[in-house]
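Accompanying notes for the structure given below.
Numbering (the working numbering), first residue to last: 21 to 320.
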């Protein structure tokens, strides 16, 4: 899912739950450090070399959040066993999901940052494209079935929520865009296991080099879905990403996936803004980018 690069209010209950659950397995954390707060609360259970990932906003559109976290653990364990550059599950306790104090969570091996104390470096187009090509090659051997383009279900799930803070016209515009774009996906296009959210924000710079992480959205589908996480970004040159990826990609399907990525981003910012009001203006900006169905039809 999209990541938030802002200092946000920490949900203390999630941190306490992670410390308590880990403590039940002999992992003591005397100084937990929140690494991220957005879709999930990510906590380094310092001084232990363990990171807890606690479902937060995800539960609003993914009532089966434990299933998503378990798929992430399973796929990442498969990749790590084959030497792929990924952040692996923690070896300190079994690689499964845990529930406690009203929260669902998973546990991961802590990876020190490549540049502690400074802003994290961002992967460039060459690194993203070439590493995604290599990742896809290993993922093709994953033996278990994965749901097709699972993250897309977040969109109708969000629009169906009674708590959703959108007007009727805004909901209708997003629903119309979802219906139109999903109808443009080619059901006969080759599909394979995917990362699911393979943008630059999910490549972590560590002392071991770049590592992929955050496989919670792992699914099956066309490789265009993973590529679109970068080619749709306003911060990256999509042509350079594709050149580094090297394998051919259907340009029409890539264009559809890029639009679906933007729609997914819109929904997630709206969801974040319910808990984090400072993100309201960005959410409103994204919603405004999806005109009512009548206006969209007239512009084509």
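Cβ atoms here follow ideal geometry from the backbone N, Cα and C, with glycine treated the same way.
Using 10 angstroms around the beta-carbon of residue i, count the other beta-carbons present and answer buried if the total reaches 16, otherwise exposed.
i: residue 146; result: exposed
i: residue 237; result: buried
i: residue 160; result: exposed
i: residue 218; result: buried
i: residue 306; result: buried
i: residue 312; result: exposed
i: residue 253; result: buried
i: residue 271; result: exposed
i: residue 119; result: exposed
i: residue 174; result: buried
i: residue 234; result: buried
i: residue 206; result: exposed
i: residue 53; result: exposed
i: residue 59; result: buried
i: residue 255; result: exposed
i: residue 142; result: exposed
i: residue 101; result: exposed
i: residue 286; result: buried
i: residue 208; result: exposed
In terms of residues, what are the limits of the alpha helix (DSSP H) holding residue i?
i: residue 4; result: The question about residue 4 has no answer, for the chain in this structure spans 21 to 320.
i: residue 43; result: 32-43
i: residue 148; result: 145-159
i: residue 139; result: It is not in any alpha helix (DSSP H) - residue 139 carries neither H nor E in the DSSP assignment.
i: residue 285; result: 271-295
i: residue 92; result: 85-101
i: residue 201; result: 188-203
i: residue 177; result: 174-179
How many angstroms separate the CA atom of residue i from the CA atom of residue j?
i: residue 228; j: residue 132; result: 9 angstroms
i: residue 73; j: residue 38; result: 8 angstroms
i: residue 210; j: residue 241; result: 7 angstroms
i: residue 25; j: residue 136; result: Note on residue 25: pLDDT 42, under 50, position unreliable in the model; the coordinate value appears next. Answer to the nearest angstrom: the Cα atoms are 16 angstroms apart.
i: residue 302; j: residue 308; result: 10 angstroms
i: residue 243; j: residue 83; result: 27 angstroms
i: residue 165; j: residue 239; result: 9 angstroms
i: residue 310; j: residue 197; result: 8 angstroms
i: residue 289; j: residue 214; result: 23 angstroms
i: residue 144; j: residue 258; result: 11 angstroms
i: residue 33; j: residue 304; result: 29 angstroms
i: residue 99; j: residue 170; result: 20 angstroms
i: residue 70; j: residue 110; result: 6 angstroms
i: residue 195; j: residue 67; result: 46 angstroms
i: residue 128; j: residue 64; result: 9 angstroms
i: residue 200; j: residue 187; result: 20 angstroms
i: residue 231; j: residue 293; result: 29 angstroms
i: residue 105; j: residue 55; result: 20 angstroms
i: residue 139; j: residue 216; result: 25 angstroms
i: residue 300; j: residue 108; result: 34 angstroms
i: residue 103; j: residue 168; result: 25 angstroms
i: residue 134; j: residue 57; result: 21 angstroms
i: residue 77; j: residue 297; result: 13 angstroms
Looking only at DSSP bridge pairs, what is residue i linked to?
i: residue 241; result: 212
i: residue 65; result: Answer is none; residue 65 lacks a bridge partner.
i: residue 226; result: 133 and 229
i: residue 381; result: Because the chain here runs from 21 to 320, residue 381 falls outside it and cannot be looked at.
i: residue 72; result: 63 and 127
i: residue 109; result: 128
i: residue 260; result: Residue 260 is not bridged to any residue.
i: residue 168; result: 240
Between residue i and chain B, is any beta-carbon pair separated by less than 7 angstroms?
i: residue 243; result: Annotation note: the requested chain B is absent from the structure, which comprises a single protein chain.
Which residue marks the beginning of the beta strand (DSSP E) containing residue i, and which one marks its end?
i: residue 54; result: 53-57
> Quick check: the region 264-276 against the region 38-49, are there 3 or more CB pairs under 8 angstroms?
Replying inline: No, the region 264-276 is not in contact with the region 38-49.
> Can you find at least 3 beta carbon pairs, one from the region 179-186 and one from the region 241-255, that sit closer than 8 angstroms?
Replying inline: For the pair of segments examined, the region 179-186 was found not to touch the region 241-255: the number of CB pairs separated by less than 8 angstroms stays below three.
> Is the region 77-92 touching the region 146-155, taking contact as three or more C-beta pairs under 8 angstroms?
Replying inline: Remark: fewer than three beta-carbon pairs, one from each stretch, lie closer than 8 angstroms, so the region 77-92 and the region 146-155 are not flagged as touching.
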